[in-house]
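**Q**
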Amino acid sequence: MAASVTASPSFPRTREPTDPLALRVLHQDDCLAVIDKPAGLMVHDSALARGESDFVVDRLRQQFGRQVFLVHRLDRATSGCLLLAFDRDTAGALGRQLMAGTIDKRYWAVCRGWPAEDAFEVDHPLDGGPGKPEKKPAVTRFRVLARTECDWPSTGFETSRYALVEAQPLTGRFRQIRRHLKHASHHLIGDTSHGDGRHNRAFRMIGVHRMLLHARALGFEHPGDGRPMVVEAPPDGPFGKALDLFDQPPRTGRD
Numbered sequence: 009m010a011a012s013v014t015a016s017p018s019f020p021r022t023r024e025p026t027d028p029l030a031l032r033v034l035h036q037d038d039c040l041a042v043i044d045k046p047a048g049l050m051v052h053d054s055a056l057a058r059g060e061s062d063f064v065v066d067r068l069r070q071q072f073g074r075q076v077f078l079v080h081r082l083d084r085a086t087s088g089c090l091l092l093a094f095d096r097d098t099a100g101a102l103g104r105q106l107m108a109g110t111i112d113k114r115y116w117a118v119c120r121g122w123p124a125e126d127a128f129e130v131d132h133p134l135d136g137g138p139g140k141p142e143k144k145p146a147v148t149r150f151r152v153l154a155r156t157e158c159d160w161p162s163t164g165f166e167t168s169r170y171a172l173v174e175a176q177p178l179t180g181r182f183r184q185i186r187r188h189l190k191h192a193s194h195h196l197i198g199d200t201s202h203g204d205g206r207h208n209r210a211f212r213m214i215g216v217h218r219m220l221l222h223a224r225a226l227g228f229e230h231p232g233d234g235r236p237m238v239v240e241a242p243p244d245g246p247f248g249k250a251l252d253l254f255d256q257p258p259r260t261g262r263d
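Be aware that the sequence shown starts at 9, since it is given in my numbering, and climbs by one per residue.
(1) Could you check how far apart the C-beta atoms of LEU82 and ALA223 are, in whole angstroms? I think they sit under 8 angstroms.
(2) Tell me which same chain residues have a C-beta within less than 6 angstroms of the C-beta of THR22, skipping the five on either side of it?
(3) Could you check what DSSP says for MET213 in three-state terms: helix, strand or coil?
(4) Is there contact here, the region 198-210 with the region 89-103, by at least three beta-carbon pairs under 8 angstroms?
(5) Do you know offhand how far PHE182's Cα is from PRO138's?
(6) So what does DSSP say about LEU196, is it helix, strand or coil?
(7) From PHE72 to PRO133, what does the alpha carbon distance come to, in whole angstroms?
(8) Does the distance from the CB of CYS216 to the CB of LYS249 come in under 7 angstroms?
(9) Could you check what DSSP says for PRO246 in three-state terms: helix, strand or coil?
(10) Checking the sheet assignment: what are the DSSP bridge partners for SER160?
(11) Can you say whether THR86 is buried or exposed, counting buried as having 16 or more other CB atoms within 10 angstroms of its CB?
(12) Am I right that VAL42 and LEU226 are in contact with their C-beta atoms under 8 angstroms? What's the rounded C-beta distance?
(13) I'd like the span of the beta strand (DSSP E) that includes ARG32, first residue to last.
(14) In chain order, what residues of the same chain have a beta carbon less than 7 angstroms from the beta carbon of LEU106, not counting five sequence neighbours either side?
(15) Can you tell me whether HIS52 is buried or exposed? The criterion is at least 16 other CB atoms within 10 Å of its CB, across all chains shown.
(16) CA-CA distance, ASP37 and THR167?
Right, here's the structure in full:
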């Protein structure tokens with residue numbers, strides 16, 4: 009059983025890279041690593057790359073000087089914990105955990121509106137993205153961490169309300185958290201594909217230009233010795249600026 013990210017482990021100090029193209033390492037051992045993917049960087053080449061030539065996987069091969077195997081993916085605009093293996097056996101073991109649903113992934117998201125419940129679940133089938141029309145079961149659990157009301161107007165109201173939520177996807181569909189928030193009418197801030205343009209513009213006006221989805225923590229069982237692992241990524245500066253809007257934001261881990 010993988011570690012729960014709601015535990016209170018002692019996190020190792022992150023390694024700040026000296027190479028401007030290197031990515032911050034949150035955990036590294038002989039078998040695997042967890043890195044802090046910056047927002048705006050694609051994980052690998054794909055049909056969505058549209059002429060991009062800078063990819064996480066290429067940077068990591070250069071940074072570690074060895075082959076790397078990505079265990080999962082993050083959208084270009086999403087930041088945070090990205091798990092990778094250094095050999096096929098470790099990649100296979102972690103992949104089996106992923107398929108079994110025992111890797112505990114937690115995200116932070118800022119969305120429009122105040123959810124009616126502090127904890128809620130979206131169970132709504134999703135297709136696989138472009139060229140994959142078949143819909144499959146998709147479930148995401150959400151928990152409200154904080155709420156705020158800002159003094160700029162929204163449609164029909166003199167103020168705008170937002171929530172900081174923790175998202176726990178129980179399945180791994182294409183843009184699942186983003187699309188489930190849209191389905192719940194709590195659009196993700198900064199999402200230009202599934203969000204609300206009016207609220208996106210409001211955040212750009214205060215200097216927040218990124219999509220506010222962050223892979224906050226990963227919990228999994230180490231394939232080498234079975235110990236429970238919990239790795240956490242602090243939000244970046246722009247996400248931190250959005251957190252400052254909340255009266256009592258959760259601990260971010262930022263210095």
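Built from N, CA and C at the ideal position, the CB exists for glycine as well.
It should be emphasised that the depicted structure is a prediction, and the values quoted were computed from it without experimental measurement.
**A** The relevant details are as follows:
(1) 6 angstroms
(2) Its pLDDT being 47, under 50, THR22 is placed unreliably by the model, and the measurement read from it follows with that caveat. Here the set comprises ARG32, LEU34.
(3) Helix at MET213.
(4) no
(5) Looking at the two C-alpha atoms, the distance is approximately 9 angstroms.
(6) strand
(7) The C-alpha of PRO133 is placed about 38 angstroms away from the C-alpha of PHE72.
(8) Per the sequence presented here, residue 216 reads as Val, with Cys not at that position. Yes. Within cutoff.
(9) DSSP, read as helix, strand or coil, puts PRO246 in helix.
(10) Here residue 160 turns out to be Trp, not Ser, going by the sequence shown. Bridge partners of TRP160: none, in fact.
(11) buried
(12) 6 angstroms
(13) 32-36
(14) Excluding residues within five positions, the ones whose Cβ falls inside 7 angstroms are VAL79, HIS80.
(15) Answer is exposed; the Cβ neighbour count stays below 16.
(16) 49 angstroms
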